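With our numbering applied, the sequence shown covers 1 to 437.
Here a beta-carbon is modelled for each residue, glycine too, at the ideal position from N, C-alpha and C.
Note that the structure is a prediction, hence the values are computed from the model and not measured.
Before any comments, here is the structure.
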Amino acid sequence: MADISNNFVGIKSPNPFWLASAPPTDKAYNVIRAFKAGWGGVVWKTLGEEGPPVVNVNGPRYGAIWGADRRLLGLNNIELITDRDLQVNLREIKQVKQDWPDRAIVVSLMVPCEEHAWKAILPVVEETGADGIELNFGCPHGMSERGMGAAVGQVPEYIEMVVRWCKANTRMPVITKLTPNITDIRKPARAALAGGTDAVSLINTINSITGVNLDSFAPEPTIDGKGSHGGYCGPAVKPIAMNMVAEIARDPETHGLPISGIGGITTWRDAAEFMALGAGNVQVCTAAMTYGFKIVQEMIAGLENWMDEKGHATLDDIVGRATPNVTDWQYLNLNYIAKAHIDQEACIKCGRCHIACEDTSHQAITNMVDGKRHFEVIEAECVGCNLCVNVCPVENCITMEPLAVGVMDQRTGNPVSPVYANWTTHPNNPMAKVAAE
Numbered sequence: 001m002a003d004i005s006n007n008f009v010g011i012k013s014p015n016p017f018w019l020a021s022a023p024p025t026d027k028a029y030n031v032i033r034a035f036k037a038g039w040g041g042v043v044w045k046t047l048g049e050e051g052p053p054v055v056n057v058n059g060p061r062y063g064a065i066w067g068a069d070r071r072l073l074g075l076n077n078i079e080l081i082t083d084r085d086l087q088v089n090l091r092e093i094k095q096v097k098q099d100w101p102d103r104a105i106v107v108s109l110m111v112p113c114e115e116h117a118w119k120a121i122l123p124v125v126e127e128t129g130a131d132g133i134e135l136n137f138g139c140p141h142g143m144s145e146r147g148m149g150a151a152v153g154q155v156p157e158y159i160e161m162v163v164r165w166c167k168a169n170t171r172m173p174v175i176t177k178l179t180p181n182i183t184d185i186r187k188p189a190r191a192a193l194a195g196g197t198d199a200v201s202l203i204n205t206i207n208s209i210t211g212v213n214l215d216s217f218a219p220e221p222t223i224d225g226k227g228s229h230g231g232y233c234g235p236a237v238k239p240i241a242m243n244m245v246a247e248i249a250r251d252p253e254t255h256g257l258p259i260s261g262i263g264g265i266t267t268w269r270d271a272a273e274f275m276a277l278g279a280g281n282v283q284v285c286t287a288a289m290t291y292g293f294k295i296v297q298e299m300i301a302g303l304e305n306w307m308d309e310k311g312h313a314t315l316d317d318i319v320g321r322a323t324p325n326v327t328d329w330q331y332l333n334l335n336y337i338a339k340a341h342i343d344q345e346a347c348i349k350c351g352r353c354h355i356a357c358e359d360t361s362h363q364a365i366t367n368m369v370d371g372k373r374h375f376e377v378i379e380a381e382c383v384g385c386n387l388c389v390n391v392c393p394v395e396n397c398i399t400m401e402p403l404a405v406g407v408m409d410q411r412t413g414n415p416v417s418p419v420y421a422n423w424t425t426h427p428n429n430p431m432a433k434v435a436a437e
C-alpha cells in the first residue's frame, strides 16, 4: 500500500491532512476528537498576545452560498482569533502534544506588528512542545482593522520583517500564511522567503459579502441590523487557491519553497490536485465544519487507493508533478485543434448544449436533423471551446476530440500542423513581427 506519511519542513504526521487554523481547532476537546478520527495534524486556532482576550460577536458568524441541492459551496466567516485565555490554550496545546506525539501540532499566531510582541509570545509557545508556528498574515476582517492579519500580509516589507523577527527568536519551523486579497501572490511569498520562512501556507480567506437580506437590507450574517465583510472559504474558492499555489510553485524566485495548500479541499481528489501543483500537504476547514471530522477517513482511503492504482509509492511521487505543465497563455500551442463530439447513445436530447452554443457561443450544434430532434456538432463551426461539455448534464456524453496532424480543419480549411506554435511566434502578433525584423 502507498505510504502517505508526511514530512513537511521537518514536521512529521501520519498523513498529509491537517485541520486549518479555525473554529475546529479552537480547543483541546475538538483537536482530540480530530486526532481520534484520523487527522494527521492541526494548526491550532490563532493565538493573540497576553492580556484580555479578543471579543467575538455573539450572534451569527457565518454567511453561506449554496448550490441548487442545498450543498454548501461557500462560507463567509466573521469570527476573529481565539477568544480563550492565552494560558489556557498553551496548557491544552502542551497536554495534547504529549498525548499525541505522532501528530503534528502547529500554532497559529497573530500579535501586533512590533518586535517585542513577537519576542514575548514565541518562547511560551515553544515551551509547549509544538512542532511549529504559522504566522497569520491573512485574516481579512476585524483583526486587519487593528493592523494585524491581512494588513500585514498585504505589505511584503512587513512580512519579511516579522518573519525575520520570528526566525531570530525561535527554533520552531515558521510557516507564513498568505492572504489572497492581493494583486500578485508571488510578491508576499518572495518576501516571506527573503525573511527566512521555512514554508508558506495559502490561501487564507477572501474578502466577501455573501448575501443581503432583502427585508432588512443588511448584509448576512446580520448583527443587530448591521453586517460586515468577512472571510470567504469552501469549495468555491478552490480554483483561486490552486492558481495561487501554482504561481508560487513555478515562480523562479520561490521555486522549491514548501507550500501547505489551503482552500476548498473536500475530497482526496482535491488534495491530490493541490499536491500535484506543488503543495507538500493540505489544510482543511470548511469540509470538516460541513461533514464532521470523520470525513478525513474518506480522504485517507481515497488517496491511498488512487496512489496504489497509479503506482505512486509515496507523496513525493505526486508533489509538484503538474507544476511544469502550468504555463502562461502566450505559450499555449495555437496549432492544437479539438472538436466537440456528442455520443448519440448517451444523449438524452435535453437540448442544453444547443441552446448554450446557439445563444452564447458559435452556433455549432444542430437541434433538428431531417425533421427530428437531434443534436450534433457542426464541425465547420466548432471552435473547440467546450462550453457544451460543461453544460451537458450527462457525464462524458460530450467529449473533446483532438484532430490528428494532417487532418483538415473544416472551420479554417487548413490541415492540422505538426509544428508547435504559440502567440510569441504568431504572425498576428505585432511584437513577433518586430522581433522578426
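*asked:* DSSP three-state label for Trp-66, please.
replied: Here residue 66 corresponds to residue number 66 of the sequence shown, with the count starting at 1. Note: Trp-66 maps to strand in three-state DSSP.
*If you draw a straight line from the C-alpha of Gly-351 to the C-alpha of Ile-65, how long is it?*
As a working mapping, residue 351 is identified with position 351 in the sequence shown. As a working mapping, residue 65 is identified with position 65 in the sequence shown. Taking the straight line joining both Cα atoms gives about 28 angstroms.
*Determine the DSSP secondary structure at Tyr-232, reduced to helix, strand or coil.*
Walking along the sequence shown from the start, residue 232 turns up at place 232. Reduced to three states, the DSSP call for Tyr-232 is strand.
*Can you give the Cα-Cα distance for Ala-151 and Asp-317, rounded to whole angstroms?*
In the sequence shown, residue 151 corresponds to position 151, counting from 1. In the sequence shown, residue 317 corresponds to position 317, counting from 1. Approximately 37 angstroms between the Cα atoms of the pair.
*Taking the Cβ atom as the reference point for each residue, do Ile-262 and Ala-249 lie within a distance shorter than 8 angstroms?*
Position 262 of the sequence shown, counted from the first residue, corresponds to residue 262. Position 249 of the sequence shown, counted from the first residue, corresponds to residue 249. The Cβ atoms of Ile-262 and Ala-249 lie no closer than 8 angstroms to each other.
*Hey, how far is the Cα of Lys-226 from the Cα of Cys-382?*
If you number the sequence shown from 1, residue 226 lands on position 226. If you number the sequence shown from 1, residue 382 lands on position 382. Those two C-alpha atoms are separated by around 50 angstroms.
*Within the same chain, show all residues whose beta-carbon is closer than 8 angstroms to that of Ile-300, passing over the 5 residues directly before and after it, in chain order.*
Position 300 of the sequence shown, counting from 1, holds the residue named residue 300. The answer, listed in chain order, is Ile-4, Asn-15, Phe-17, Gly-38, Trp-268.
_Can you give me the C-alpha to C-alpha distance between Glu-304 and Ala-2, rounded to a whole angstrom?_
Residue 304 sits at position 304 when you count from the first residue of the sequence shown. Residue 2 sits at position 2 when you count from the first residue of the sequence shown. Computed Cα separation, rounded: 6 angstroms.
*Measuring CA to CA, which of Leu-73, Val-326, Val-96 is closest to Val-42?*
Translated into the one-based positions of the sequence shown, residue 42 becomes position 42. Checked all of Leu-73, Val-326, Val-96; the closest Cα to Val-42 is Val-96.
*Hey, is the region 146–163 in contact with the region 103–119, meaning 3+ C-beta pairs nearer than 8 angstroms?*
With the cut-off at 8 angstroms, the region 146–163 and the region 103–119 touch.
*Pick helix, strand or coil for Glu-401, following the three-state DSSP scheme.*
Taking the sequence shown and counting its residues from 1, the one referred to as residue 401 is at position 401. In the displayed model, Glu-401 falls within a strand according to three-state DSSP.
*Relative to the alpha-carbon of Asn-429, which residue among Pro-393, Ile-337, Lys-349, Gln-330 has its alpha-carbon at the smallest distance?*
Reading the sequence shown from its first residue, position 429 is the one you call residue 429. Put simply, of Pro-393, Ile-337, Lys-349, Gln-330 the residue whose alpha carbon is nearest the alpha carbon of Asn-429 is Gln-330.
*Closest by C-alpha distance to Thr-46, when choosing among Gly-40, Pro-156, Thr-176, Thr-170*: One-based indexing of the sequence shown puts residue 46 at position 46. Looking only at Gly-40, Pro-156, Thr-176, Thr-170, the smallest Cα-Cα distance to Thr-46 is reached by Thr-176.
*CB-CB length for Ala-421 against Asn-333, believed under 8 angstroms*: What you label residue 421 is simply residue 421 of the sequence shown in a count that begins at 1. What you label residue 333 is simply residue 333 of the sequence shown in a count that begins at 1. Contact between Ala-421 and Asn-333 holds, since their C-beta atoms are separated by about 7 angstroms, short of 8 angstroms.
*In this structure, does DSSP put Ala-340 in helix, strand or coil?*
As a working mapping, residue 340 is identified with position 340 in the sequence shown. Strand.
*Grab me the residues of Lys-294's own chain with a C-beta within less than 6 angstroms of its C-beta, minus the 5 sequence neighbours each way, in chain order.*
Counting from one through the sequence shown, the residue named residue 294 turns up at place 294. Excluding residues up to 5 positions away in sequence, Ala-37 lie with their Cβ nearer than 6 angstroms to the Cβ of Lys-294 in the same chain.
*Should the region 238–253 be regarded as contacting the region 180–189, the criterion being three or more beta carbon pairs within less than 8 angstroms?*
Flag = yes, the region 238–253 and the region 180–189 touch.
*In whole angstroms, what is the alpha-carbon distance linking His-116 and Glu-220?*
Position 116 of the sequence shown holds residue 116. Position 220 of the sequence shown holds residue 220. His-116 and Glu-220: Cα-Cα distance of roughly 38 angstroms.
_Judging by CA-CA distance, which residue of Pro-252, Asn-169, Val-88, Asn-335 is the nearest neighbour of Pro-427?_
Residue mapping note: residue 427 aligns to position 427 of the sequence shown, counting from 1. Here the closest residue by C-alpha is Asn-335.
_When you compare the CB positions of Val-107 and Trp-44, do they come within less than 8 angstroms of one another, or not?_
Counting from one through the sequence shown, the residue named residue 107 turns up at place 107. Counting from one through the sequence shown, the residue named residue 44 turns up at place 44. Cβ atoms of Val-107 and Trp-44: closer than 8 angstroms.
*Taking just the CA atoms, how far does Ile-105 sit from Val-54?*
In the sequence shown, residue 54 corresponds to position 54, counting from 1. In the sequence shown, residue 105 corresponds to position 105, counting from 1. Answer to the nearest angstrom: the Cα atoms are 23 angstroms apart.
*Buried or exposed for Asp-99, please, with buried defined as at least 16 other CB atoms from any protein chain shown within 10 angstroms of its CB.*
Numbered from its first residue, the sequence shown carries residue 99 at position 99. Exposed: under 16 other Cβ atoms inside 10 Å.
*State the CB to CB distance for the pair Cys-285 and Ala-22, rounded to an integer number of angstroms; the pair is presumed to be in contact (CB under 8 angstroms).*
Within the sequence shown, residue 285 is the residue found at index 285, counting from 1. Within the sequence shown, residue 22 is the residue found at index 22, counting from 1. The C-beta distance from Cys-285 to Ala-22 rounds to 4 angstroms, short enough to fall under 8 angstroms.
*Close Cβ partners of Trp-306 (< 7 angstroms) along its chain, the five nearest in sequence each way excluded*: Taking the sequence shown and counting its residues from 1, one reaches residue 306 at position 306. Taken in chain order, the residues that qualify are Trp-268, Ala-272.
*With DSSP run on the structure shown, which of helix, strand or coil describes Gly-261?*
Taking the sequence shown and counting its residues from 1, one reaches residue 261 at position 261. Strand.
*By DSSP, does Lys-94 sit in helix, in strand, or in coil?*
In the sequence shown, the residue the question calls residue 94 occupies position 94. In the three-state DSSP reduction, Lys-94 falls in the helix class (H, G or I).
*Would you say Gly-264 and Gly-234 are within 8 angstroms of each other, going by their C-beta atoms?*
Translated into the one-based positions of the sequence shown, residue 264 becomes position 264. Translated into the one-based positions of the sequence shown, residue 234 becomes position 234. Yes, these two residues count as a Cβ contact at 8 angstroms.
*Buried/exposed call for Ile-185, threshold 16 Cβ in 10 Å*: Indexing the sequence shown from 1 puts residue 185 at position 185. A residue is called buried when at least 16 other Cβ atoms come within 10 angstroms of its Cβ; Ile-185 meets this threshold and is buried.
*Under 8 angstroms between the Cβ atoms of Thr-170 and Glu-126?*
The residue given as residue 170 occupies position 170 in the sequence shown. The residue given as residue 126 occupies position 126 in the sequence shown. Their beta carbons are under 8 angstroms apart, which means Thr-170 touches Glu-126 by this criterion.
_Rounding to the nearest angstrom, what Cα-Cα distance links Arg-61 and Leu-73 in this structure?_
Along the sequence shown, one-based indexing puts residue 61 at 61. Along the sequence shown, one-based indexing puts residue 73 at 73. Rounded to whole angstroms, Arg-61 to Leu-73 spans 17 angstroms at the Cα level.
*Apart from the five residues on each side of it in sequence, which residues of its chain come closer than 7 angstroms, Cβ to Cβ, to Cys-388?*
By one-based count along the sequence shown, residue 388 stands at place 388. Taking C-beta separations shorter than 7 angstroms and ignoring five residues to either side along the sequence, the partners of Cys-388 in its chain run Ala-340, Cys-353, Ala-356, Cys-357, Ile-365, Ile-398, following chain order.
*asked:* So, at 7 angstroms on beta carbons, what are the nonlocal neighbours of Arg-33 in its own chain, with the 5 sequence-adjacent residues on each side left out?
replied: Along the sequence shown, read from residue 1 onward, the residue named residue 33 stands at position 33. Contacts found: Phe-293.
*Out of Asn-136, Asn-58, Asn-204, which has the shortest C-alpha to C-alpha gap to Ala-241?*
Taking the first residue of the sequence shown as position 1, residue 241 is located at position 241. Nearest Cα to Ala-241 within the set Asn-136, Asn-58, Asn-204: Asn-204.
_In chain order, each alpha helix (DSSP H) run of at least 4 residues that lies wholly inside the region 255–339_ = As summarised for the region 255–339, the continuous alpha helix (DSSP H) elements at least 4 residues long and confined to that stretch are 268–276, 286–291, 295–310, given in chain order.
*What residue from Leu-257, His-229, Gln-283 has the CA that sits closest to Gly-196's CA?*
Counting from 1 along the sequence shown, the entry for residue 196 is found at position 196. Gly-196 has its Cα closest to that of Leu-257, out of Leu-257, His-229, Gln-283.
*Are the Cβ atoms of Ala-130 and Ile-81 separated by less than 8 angstroms?*
Indexing the sequence shown from 1 puts residue 130 at position 130. Indexing the sequence shown from 1 puts residue 81 at position 81. For the pair Ala-130 and Ile-81, the CB atoms are not nearer than the 8 angstroms cut-off.
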